[in-house]
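Quick note on numbering: full-length UniProt numbering labels position 134 of the sequence shown as 134, and the sequence is numbered without any gaps.
Every residue gets a Cβ at the ideal spot worked out from N, C-alpha and C, and that includes glycine.
Only a predicted model underlies this, so the values are computations on that prediction, with no experimental measurement involved.
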Amino acid sequence: MTDTSHSPVVIVGTGVVGVVIAEQLLDAGIPVLMLEAGPRVSRAEIVENYRNLPLAAKGNPIECYPSRAWAPHPEPAGAGKGYLQLSGADSYAQSYVRYAGGSTWHWAGTCWRLTPADMQLHSRYGVGRDWAFSYDTLEPYYSRAEYLLGICGPDDPALQWPPQRSRPYPMPALPFGPGEARFTEVVRDKLGLHNIPTAQARNSGTSYDDRPACCGNNNCVPVCPIGAKYDGATALSRLEAKGATILDNAVVWRIETNSRNHIEAVHYYDPQRQSHRVSGKLFIIACNGLETPKLLLMSADARNPHGIANRSDQVGRNMMDHPQITMTVTLEEPYWAGVGPVVNSGIMETSQGDFRSRHAGAYFRFNNFARNRFVTFGALQKGLVGKALDEEIRRMTACTADIVLAHEILPDANNRLTLSDQKDWLGLPKPAIHYDVGDYVRRSLREYSMPIANQISEAMGAIGKTFSKQFNQSKHIMGGTIMGRDPASSVVDEACRAHDHRNLFLPGGGAMASTACGNSTLTMVALALKASDAIVKQAQEA
């Protein structure tokens with residue numbers, strides 16, 4: 001019988017970061033025990049859940065992942081109602097699932113890299129923080145990450161973002177659908193902007209890593225029905241074949257330290273509210289950018305009265321995302337969004353420039369989600385029936401589109417996760433998050449991204465447009481365990497090792513010192529691979 005009370009390496013979380021690190025350790029011959037708060041389910045179960053949802057619920061990416069009482073999902077709600085207790089000028093309303101495989105179940109698959117300038121905001125523009133190392137240091141790990149996940153992207157260096165790279169993508173880019181192709185022509189010819197193919201963890205035209213080629217279901221969010229898109233769950237059986245032990249429905253609630261202030265064990269609850277202890281030599285906490293700082297704060301003890309890894313008082317601070325505004329345009333010309341993946345291209349050049357000393361950069365994205373579900377409700381609200389309803393749905397499906405304005409944000413210690421007085425089903429504190437995107441982002445919207453969006457709508461020939469009334473979050477959770485060289489102002493070092501505990505690693509989005517404008521997952525995986533090198537070395541020495 002497998003011993004689940006001890007392992008040389010204990011990993012909390014089975015999302016993409018935990019899975020990537022586990023595989024590097026297993027390949028080096030190091031045993032691994034993984035603990036997952038939520039259940040382990042099949043793709044078929046998720047797809048069936050989605051099919052059976054009412055139409056109005058299909059727009060929420062986590063509706064087909066039923067929450068478990070012991071591992072609740074966050075819901076956008078006011079204090080005292082949902083899992084997240086939200087305050088501040090802007091809502092940090094996030095969507096993620098606590099399931100084996102993590103939130104890559106319902107991600108779009110987008111895999112932008114940071115640029116060299118993105119990692120040097122303070123030295124170049126006098127704002128934010130610099131990373132603890134340069135792009136050149138991270139680039140080999142980006143390349144490894146692209147081959148590990150299976151990234152498709154353009155062969156032409158002029159279309160690659162950024163162009164500084166050591167290897168081509170493992171697969172060619174997917175073709176644009178008609179809406180993206182027309183959008184690309186319009187912004188190029190009328191505005192001189194370049195809408196380039198997205199690097200994405202999706203198989204293009206061939207199988208890769210035992211996953212089939214994308215067949216254009218346009219259902220990447222909330223689940224790829226055939227598994228052409230990478231998700232952490234696809235690796236779990238492979239990890240077990242290599243010797244990993246994976247416990248699901250195991251909610252880690254305490255990190256235990258010893259007299260030397262090393263991590264000695266973690267404690268988890270099962271669904272019967274029984275607590276269990278797992279000891280080890282090395283510990284990796286990879287349960288996402290909200291759950292990780294929450295766990296560190298919950299684990300405060302006599303040696304660490306403000307929480308584990310928190311002598312700097314930075315755990316839970318500097319919470320970041322990509323604040324976004326959506327512009328919905330109505331067009332005379334049919335664009336027909338919805339052919340191919342839901343995100344397949346973007347305008348990234350607008351994220352770079354000396355203006356970043358004053359305001360945020362922005363990335364513009366043609367949302368390639370099929371429009372029929374969105375427009376059906378509007379047509380019904382008009383009271384249309386029969387043939388008129390059918391014609392209106394067809395017209396608006398073809399002739400509407402969403403353009404997303406996604407902004408970078410600066411780390412701010414006041415954007416903070418703390419422990420709420422409200423408790424969950426297990427009696428554990430819910431996370432409370434205070435959040436304000438700040439003047440850096442608001443100034444960008446007012447002076448930069450909104451004017452560009454208006455130019456784009458005019459170039460597209462829009463006959464109507466609306467903007468979302470507030471900043472929405474992109475579900476890219478960053479910053480709560482921020483990286484830096486100075487232990488007084490950061491939580492982890494260059495290897496994502498906690499400054500305060502030599503045998504504790506906190507890899508992933510929480511370590512990111514800047515957000516840039518593109519999605520964070522590829523950078524998280526690159527950081528996981530970089531951390532893995534240090535973890536393997538330390539485990540072998542031990």
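- Between residue 474 and residue 324, the C-beta spacing is below 8 Å.
- Cα atoms of residue 490 and residue 380: separation of roughly 52 Å, rounded to the nearest angstrom.
- Within the region 212-291, the complete beta strand (DSSP E) segments of 3 residues or longer fall at 245-247, 251-257, 263-269 and 275-285, listed in chain order.
- Counting only runs of at least 4 residues, the region 406-453 fully encloses the following alpha helix (DSSP H) elements, listed from N- to C-terminal order: 438-444.
- Counting along the chain, residue 523 sits inside the alpha helix (DSSP H) bounded by residues 521-541.
- Within the model, the alpha-carbon separation for residue 11 versus residue 501 is close to 16 Å.
- As summarised for the region 31-105, the continuous beta strand (DSSP E) elements at least 3 residues long and confined to that stretch are 32-35 and 85-87, given in chain order.
- Only residues of its own chain outside the window of five on either side were considered, and among them 429 have a CB closer than 8 Å to the CB of residue 421, listed in chain order.
- The distance from the Cβ of residue 407 to that of residue 449 is about 7 Å, consistent with a contact at the 8 Å cut-off.
- In this structure, the alpha-carbon of residue 317 lies about 6 Å from that of residue 415.
- Relative to the Cα of residue 39, the nearest Cα in the group 13, 99 and 28 belongs to 99.
- With respect to the 8 Å criterion, residue 162 and residue 134 are not classified as neighbours on the basis of their beta carbons.
- In the three-state reduction of the DSSP assignment, residue 390 falls in the helix class.
- Counting along the chain, residue 9 sits inside the beta strand (DSSP E) bounded by residues 6-12.
- Ranked by Cα distance from residue 224, the options 246, 241, 201 and 467 are led by 201.
- In the structure shown, residue 355 falls within a helical segment according to DSSP collapsed to helix, strand and coil.
- Spatial neighbours of residue 365 in its own chain (CB-CB distance under 6 Å, excluding positions within 5 residues in sequence) are listed in chain order as 346 and 404.
- Counting along the chain, no beta strand (DSSP E) covers residue 370, and no H or E run does either.
- For the pair of segments examined, the region 454-463 was found not to touch the region 128-142: the number of CB pairs separated by less than 8 Å stays below three.
- In the structure shown, residue 326 falls within a strand segment according to DSSP collapsed to helix, strand and coil.
- Scanning the region 119-195 from its first residue to its last, the whole alpha helix (DSSP H) runs of 4-plus residues come out as 121-125, 135-149 and 178-191.
- Inclusion of residue 426 and residue 273 in the CB contact set at 8 Å is warranted, their separation being smaller than that value.
- Within the model, the alpha-carbon separation for residue 494 versus residue 194 is close to 34 Å.
- According to the DSSP assignment, residue 22 belongs to the alpha helix (DSSP H) that extends over 16-27.
- Of the residues 432, 70 and 74, the one whose Cα lies closest to the Cα of residue 418 is 432.
- In this structure, the straight-line span from the alpha carbon of residue 532 to that of residue 395 is close to 51 Å.
- The region 301-319 makes no contact with the region 30-44; the number of CB pairs closer than 8 Å stays below 3.
- In the DSSP assignment, residue 464 falls within the beta strand (DSSP E) that extends over 462-467.
- Counting every other CB atom within 10 Å of its CB across the protein chains shown gives residue 243 a total below 16, marking it as exposed.
- Looking at the DSSP output, residue 400 bridges to 330.
- Counting every other CB atom within 10 Å of its CB across the protein chains shown gives residue 306 a total below 16, marking it as exposed.
- The beta carbon of residue 488 sits closer than 7 Å to those of 312, all from its chain and outside the five residues before and after it, given in chain order.
- Listed in chain order, the non-local C-beta contacts of residue 157 below 6 Å within the same chain comprise 163, local neighbours out to five positions each way being set aside.
- By the neighbour-count criterion, in which a residue is buried when 16 or more other Cβ atoms sit within 10 angstroms of its Cβ, residue 258 is exposed.
- An exposed status is given to residue 52, since fewer than 16 other beta-carbon atoms sit within 10 Å of its beta-carbon.
- Per the Cβ contact rule, the region 198-212 is in contact with the region 169-185 (3 or more Cβ pairs under 8 Å).
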